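Read the structure below first, then the notes.
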Amino acid sequence: MSSKLEQLQALLAPVVVALGYECWGIEFSAQGRHSLLRVYIDKEGGVLVDDCAIVSRQISGVLDVEDPISVEYTLEVSSPGMERPLFTLEQFAKYVGEQVKIKLRSPFEGRRNFQGLLRGVEEQDVVVQVEDHEFLLPIDMIDKANIIPSFD
248 MSSKLEQLQA LLAPVVVALG YECWGIEFSA QGRHSLLRVY IDKEGGVLVD
298 DCAIVSRQIS GVLDVEDPIS VEYTLEVSSP GMERPLFTLE QFAKYVGEQV
348 KIKLRSPFEG RRNFQGLLRG VEEQDVVVQV EDHEFLLPID MIDKANIIPS
398 FD
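Position 98, counted from 1, in the sequence shown is what the numbering used here calls 345; the numbers after and before it change by one each time, with no gaps.
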């Protein structure tokens with residue numbers, strides 16, 4: 248995790264939790280002179296648009312005071328949705344048995360993209376079965392991971 252992302256997580260997660268939500272994860276992507284800060288929130292029973300608005304207003308106030316982002320940015324607050332992103336080992340463990348799509352920061356065993364069955368978590372590795380092969384992917388190499396929704 249980048250130091251900017253860690254700084255934003257440390258600043259914003261307590262605000263989200265204090266409002267009664269779970270801070271599911273934070274994404275920050277610097278795109279030239281304009282960046283995107285996306286905060287995912289969750290709660291028992293699901294997240295409504297009004298929930299996102301409440302959290303967005305509170306986070307905006309904190310960001311205005313603390314000013315951790317030096318460039319223009321767009322703030323988005325949303326639920327994790329059906330293609331739920333996974334950020335932590337605990338989140339991966341919660342979704343064992345689900346289909347996942349994982350993109351790594353750099354190649355591992357010759358590839359960066361993995362799509363398959365989430366088999367588990369071992370220490371700091373995420374175990375993914377792709378066809379007949381199991382891969383142990385170090386959590387710190389994962390750039391992006393999402394649940395693939397099942398419509399059975």
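Backbone N, C-alpha and C define an ideal beta-carbon position, used for all residues, glycine too. Small disclaimer: the values here were computed from a predicted structure and weren't measured.
I need the DSSP call for E253, collapsed to helix, strand or coil. Counting from one through the sequence shown, the residue named residue 253 turns up at place 6. Residue state, collapsed to three classes: helix.
In or out: A257 buried (at least 16 other Cβ within 10 Å) or exposed? The count along the sequence shown starts at 1 and reaches residue 257 at position 10. Exposed.
Where does L336 fall in DSSP's three states? The count along the sequence shown starts at 1 and reaches residue 336 at position 89. Three-state result, L336: helix.
State the start and end residues of the unbroken beta strand (DSSP E) segment that holds I369. For the purposes of this step, residue 369 is taken as residue 122 along the sequence shown, with counting starting at 1. Residue 369 is actually Glu in this sequence, not Ile. Segment 358-369, the beta strand (DSSP E) holding E369.
What whole-angstrom Cβ distance do I349 and L310 have, given they're in contact under 8 Å? Start at 1 with the first residue of the sequence shown, and residue 349 comes out as number 102. Start at 1 with the first residue of the sequence shown, and residue 310 comes out as number 63. That pair is no contact at about 30 Å.
I want to know whether the segment 323-333 touches the segment 276-294 - three or more CB-CB distances under 8 Å. yes
Check whether Q362 and V377 have beta carbons under 8 Å apart: On the sequence shown, residue 362 is found 115 positions in, with the first residue counted as 1. On the sequence shown, residue 377 is found 130 positions in, with the first residue counted as 1. Contact flag set, yes.
If we call anything under 8 Å between Cβ atoms a contact, is L365 one with E345? Along the sequence shown, read from residue 1 onward, the residue named residue 365 stands at position 118. Along the sequence shown, read from residue 1 onward, the residue named residue 345 stands at position 98. Yes, these two residues count as a Cβ contact at 8 Å.
Helix, strand or coil: which one does DSSP assign to V324? Residue mapping note: residue 324 aligns to position 77 of the sequence shown, counting from 1. In this structure, V324 counts as strand in the three-state DSSP scheme.
R352 and N393: beta carbons closer than 8 Å? As a first step, residue 352 is located in the sequence shown; it is residue number 105 there, counting from the start. As a first step, residue 393 is located in the sequence shown; it is residue number 146 there, counting from the start. Cβ atoms of R352 and N393: not closer than 8 Å.
Is it buried or exposed for F334, if we count other Cβ within 10 angstroms and need 16 for buried? For the purposes of this step, residue 334 is identified with residue 87 of the sequence shown, where counting begins at 1. Result: buried.
Nearest by alpha-carbon distance to P354: which of M388, D314, D298 is it? Counting from 1 along the sequence shown, the entry for residue 354 is found at position 107. Among M388, D314, D298, the Cα nearest to that of P354 belongs to M388.
According to DSSP, is P315 part of a helix, a strand, or is it coil? The residue given as residue 315 occupies position 68 in the sequence shown. Here P315 sits in coil by DSSP.
Based on the DSSP output, what are the partners of V375 in its beta bridges? Residue 375 sits at position 128 when you count from the first residue of the sequence shown. Answer is L365, F382.
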